[in-house]
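Take a look at the structure below.
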Amino acid sequence: MLHTLTRKADKGGAPEAAGRLAGMSWQVGASRRAADRVTGMPRFLGREDVTVSRPEDGSERLADELAGQVMDTASCPGCTPVAACETCAGIARTAEGEAAPVASAPRLGPGEALDDATRAFFEPRFGADLGEVRVHAGEHDGRLASSLSARAFTFGNDIVFGKGRYQPGTDSGRRLIAHELAHVVRPQAGSAVARQTDAGVASDAGATAPAAGGPTDAGVPLPGGVPLPAGGPAAPAPPLFDSLYGTCLTEEEGRRRDAFALRHLHLDRNIPSTTFGMFDTDYWPLTGLMLVTVKMKFNFVAADNTPGFWERMSRSLRGEDLSRFFWSDTEKADFKRDLIGRVTARWSARHPMASTKPCWSFRAIALVTPVEVADDADAHYVTTVHKLSSPGASRTSTTSDPDVAHPERPASADLDSGDVVEDANRRSTAVATSERQRIETALAAAAATPVLFERDSDAITAAAAGPLTTFAEALKQKNPSDPLIPINVDGFASMDGELAHNVDLSERRAIAVRDFLVTKGAPQPIGFSGNGPVGAANDAANRKADITVDHTFETSYASNRFSAGEHEFGHMLGLPDEYQNNTTGVLGTQQALYSALVTSAGARGPAVWGVSTSSQMASGVDVLPRHYVTLWEALGRMTAPDIAQAEWKLG
Numbered sequence: 000m001l002h003t004l005t006r007k008a009d010k011g012g013a014p015e016a017a018g019r020l021a022g023m024s025w026q027v028g029a030s031r032r033a034a035d036r037v038t039g040m041p042r043f044l045g046r047e048d049v050t051v052s053r054p055e056d057g058s059e060r061l062a063d064e065l066a067g068q069v070m071d072t073a074s075c076p077g078c079t080p081v082a083a084c085e086t087c088a089g090i091a092r093t094a095e096g097e098a099a100p101v102a103s104a105p106r107l108g109p110g111e112a113l114d115d116a117t118r119a120f121f122e123p124r125f126g127a128d129l130g131e132v133r134v135h136a137g138e139h140d141g142r143l144a145s146s147l148s149a150r151a152f153t154f155g156n157d158i159v160f161g162k163g164r165y166q167p168g169t170d171s172g173r174r175l176i177a178h179e180l181a182h183v184v185r186p187q188a189g190s191a192v193a194r195q196t197d198a199g200v201a202s203d204a205g206a207t208a209p210a211a212g213g214p215t216d217a218g219v220p221l222p223g224g225v226p227l228p229a230g231g232p233a234a235p236a237p238p239l240f241d242s243l244y245g246t247c248l249t250e251e252e253g254r255r256r257d258a259f260a261l262r263h264l265h266l267d268r269n270i271p272s273t274t275f276g277m278f279d280t281d282y283w284p285l286t287g288l289m290l291v292t293v294k295m296k297f298n299f300v301a302a303d304n305t306p307g308f309w310e311r312m313s314r315s316l317r318g319e320d321l322s323r324f325f326w327s328d329t330e331k332a333d334f335k336r337d338l339i340g341r342v343t344a345r346w347s348a349r350h351p352m353a354s355t356k357p358c359w360s361f362r363a364i365a366l367v368t369p370v371e372v373a374d375d376a377d378a379h380y381v382t383t384v385h386k387l388s389s390p391g392a393s394r395t396s397t398t399s400d401p402d403v404a405h406p407e408r409p410a411s412a413d414l415d416s417g418d419v420v421e422d423a424n425r426r427s428t429a430v431a432t433s434e435r436q437r438i439e440t441a442l443a444a445a446a447a448t449p450v451l452f453e454r455d456s457d458a459i460t461a462a463a464a465g466p467l468t469t470f471a472e473a474l475k476q477k478n479p480s481d482p483l484i485p486i487n488v489d490g491f492a493s494m495d496g497e498l499a500h501n502v503d504l505s506e507r508r509a510i511a512v513r514d515f516l517v518t519k520g521a522p523q524p525i526g527f528s529g530n531g532p533v534g535a536a537n538d539a540a541n542r543k544a545d546i547t548v549d550h551t552f553e554t555s556y557a558s559n560r561f562s563a564g565e566h567e568f569g570h571m572l573g574l575p576d577e578y579q580n581n582t583t584g585v586l587g588t589q590q591a592l593y594s595a596l597v598t599s600a601g602a603r604g605p606a607v608w609g610v611s612t613s614s615q616m617a618s619g620v621d622v623l624p625r626h627y628v629t630l631w632e633a634l635g636r637m638t639a640p641d642i643a644q645a646e647w648k649l650g
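Going by numbering that gives the first Met the number 0, the first residue of the sequence shown is number 0, and it counts up by one from there.
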């Protein structure tokens, strides 16, 4: 059985002409004749028994005529119902019998029946029971109609409307419905293609008739029932990568997606919208590799406290070894090796990025690395590396901003020999204090304490469960390397009843709160204690458990790790310091731009600016999702317009 699909032409733009994938020398799946597919044929119609109408078809003209008669009838009681054609048996169900099954188009959902008012309007005019008609007017259905450049199309008893086209309450909407219902109640027999195209849309399904005396192959129907245009080229090969990235709505889009997959995309000397940082980036969609490189020219200089020439001569004559003030070739090589290795390990492949665009489900995994260059002109950062003359010596490392107006000019950075050595106890007390304060703020915001209980009960009430769940979620949002601050739960009971019973009850209440938080995924150690009865008898306020955060842990915590080299590299990626809270000047503007970019990427910014945390851009080693936002931005810059910035999801 051949199913006829009709459509009402829209006034949209023409679909892009399809082309072959350049350089494609392999095939996927079984071999197929080039004529097995027609450029622009929507994927959901890619069946040999489905045809598409032309605007000049008699079926379309008849549908227009019937719709005009129906809509021009002055009053239904005096109208003459349109007689059903003989070949319509089983298509429109009447009171005399059930309709034969009518196949639904692939990719269509169940749809909805015509509403009562619409049926009451059209059924007496068409003289047909329209109870089997299914209306499809959702977002997905609109895309199907758009793929045919159609305001609406009909397939069996299914009518699919373009976005915003189903308007049964308006005259224009009813006229469109009348046209489509005419196809339902009087479908054309046989396998003719039923399609009505817009004058501005290229003939993507071979609707152009061959000229008289033209090549005979122009009129030979393909398996899809559509003849190729006279002298037209062979149809392009079908998309190759559906199994990897999903099936597109049309084969033309699938081929465009495949061509994108084989590209190599590049940004040269990219400066993020934060207005600082500079890097090159390359992306190979098929493999998902995103290479992020910062080109560095290294200039090694002696220690800042190196003695002058005459003092060096004097001290050397006395036999003093002055090598600690200067770089040896081995030390230079070791520094470059350590910096490149540490940065690559710290910053690479931390947070994958994925395209959310349908049938374009590409991924991007970032390989982030410094690259040494020999010339200043090739560098993103000309980096001066200072020698430290002793293990206890220190200096401040800095990274300058590039000239946004002249990205061809390198920026500068100052590092020292200690920047590739990890500090195992960097601002540990401050980091622990900040994490404790974050938890206390979350506890107060959730109003999770005290936890109140019913009389003589240790069950968590519905009223308490919500705030406790919110608090547990906040506990889980700690940075990976922030310390696990201990939490305490103290249970209590009111003064009524036996003492031993109330002591046990108070402990069970504390355990109930502890278990609830643990069940919700709270990673912190949670201690508990039962304090027995307090206050006056029958005082409901004392049937409770109090949650507190430990203040002694931070006084002994000494395990926060930090290394300056990886931190300074973050500035080269366009990320600001988080241990500062800059609200004015250039730094304030850059912080605001960064915060806006974090929001655009859907990431979570610092809970509080200006404090020490285990974040790599504060005082620690954690590369968090927000630290990838400039890479996310660079990826969108490379892939637009094929994949827009907002269609990339971070993390």
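Every residue, glycine too, gets a C-beta built ideally from N, C-alpha and C.
Mind reading off the beta-carbon distance from residue i to residue j? Whole number of angstroms is fine, and I expect it under 8 Å.
| i | j | result |
| --- | --- | --- |
| Tyr556 | Leu574 | With a Cβ gap of about 26 Å, Tyr556 and Leu574 do not count as contacting. |
| Ala151 | Glu111 | That pair is no contact at about 15 Å. |
| Ala521 | Ala471 | 5 Å |
| Ser618 | Phe527 | Not a contact, Cβ separation roughly 32 Å. |
| Ala66 | Ala136 | Going by Cβ atoms, the distance from Ala66 to Ala136 rounds to 18 Å, so no, they are not a contact pair. |
| Val622 | Arg349 | 5 Å |
| Tyr244 | Trp359 | 6 Å |
| Leu474 | Arg542 | About 24 Å separates the two Cβ atoms, so there is no contact after all. |
| Thr343 | Val372 | So it is not a contact: roughly 16 Å between Cβ atoms. |
Starting from residue i, follow its DSSP beta bridges and name the residues at the other end.
| i | result |
| --- | --- |
| Trp631 | Per DSSP, none; premise fails for Trp631. |
| Ala365 | Met289 |
| Met352 | Ala363 and Leu649 |
| Met295 | Glu371 and Tyr380 |
| Ser416 | None; Ser416 has no bridge partner. |
| Ser614 | Asp621 |
| His385 | Val300 and Asp415 |
| Thr397 | Asp413 |
| Asp422 | Phe561 |
| Val450 | Ala544 |
On a Cα-Cα basis, can you pick out the residue from the options that is closest to residue i?
| i | options | result |
| --- | --- | --- |
| Phe181 | Gln68, Thr246 and Leu516 | Just to set this straight, residue 181 is Ala in the shown sequence, not Phe. Selected option, being the one with the closest Cα: Gln68. |
| Gly609 | Thr629, Leu630, Val620 and Gly587 | Gly587 |
| Pro123 | Phe452, Val184, Thr382 and Asp514 | Val184 |
| Asp422 | Pro284, Val620 and Gly340 | Val620 |
| Pro284 | Gln590, Ala639 and Asp503 | Ala639 |
| Asp503 | Pro532, Lys475, Val403 and Ala447 | Pro532 |
| His263 | Glu252, Gly287 and Glu251 | Gly287 |
| Lys648 | Ser272, Phe361, Glu565 and Leu516 | Phe361 |
| Thr292 | Gly534, Ala378 and Asp549 | Ala378 |
| Pro306 | Phe325, Gly126, Thr343 and Gly564 | Phe325 |
| Ser411 | Phe568, Ile339 and Asn487 | Phe568 |
| Asn156 | Gly141, Gly650, Ala127 and Lys162 | Ala127 |
| Thr448 | Ala595, Thr397, Arg454 and Glu439 | Glu439 |
| Ala540 | Ala499, Phe491 and Thr582 | Phe491 |
| Thr382 | Ser388, Asp374 and Ser389 | Asp374 |
Distance check for residue j and residue i, CA to CA, integer angstroms please.
| i | j | result |
| --- | --- | --- |
| Asp418 | Gln589 | 25 Å |
| Thr79 | Leu147 | Confidence at Thr79 is low in this model, with a pLDDT of 48, below 50, so the placement of that residue should be treated as unreliable; the coordinate-derived value is given next. Cα-Cα distance, rounded: 34 Å. |
| Asp413 | Leu483 | 35 Å |
| Pro118 | Gly57 | Reading off the sequence, residue 118 comes out as Arg, not Pro. Arg118 and Gly57: Cα-Cα distance of roughly 26 Å. |
| Gly496 | Ala509 | 19 Å |
| His550 | Val430 | 13 Å |
| Ala363 | Met352 | 5 Å |
| Ala633 | Gly253 | 25 Å |
| Arg60 | Leu290 | 58 Å |
| Gly213 | Ala116 | Note on Gly213: pLDDT 34, under 50, position unreliable in the model; the coordinate value appears next. Distance between the alpha carbons of Gly213 and Ala116 is about 51 Å. |
| Gln615 | Asp402 | 25 Å |
| Asp703 | Pro369 | Here the chain covers residues 0 to 650 and nothing more, so residue 703 does not appear. |
| Leu630 | Tyr380 | 18 Å |
| Lys386 | Leu338 | 14 Å |
| Ser327 | Asp333 | 10 Å |
| Asp153 | Phe240 | Reading the sequence as shown, one finds Thr at residue 153 and not Asp. Computed Cα separation, rounded: 30 Å. |
| Ala643 | Thr428 | 44 Å |
| Val488 | Phe259 | 57 Å |
| Ala511 | Ala606 | 29 Å |
| Pro479 | Trp346 | 15 Å |
Residue ranges of each alpha helix (DSSP H) run of no fewer than 4 residues wholly in the segment 104-163, ordered along the chain? 115-125 and 138-146
Enumerate, from N- to C-terminal direction, the unbroken beta strand (DSSP E) stretches of 3 or more residues contained entirely within the segment 452-499. 486-492
Any chance you could list the beta strand (DSSP E) runs of at least 3 consecutive residues sitting entirely within the segment 255-339, in chain order? 264-269, 278-283 and 288-300
For a minimum of 3 consecutive residues, which ranges assigned as the beta strand (DSSP E) are wholly contained in the segment 522-609? 525-532 and 543-548
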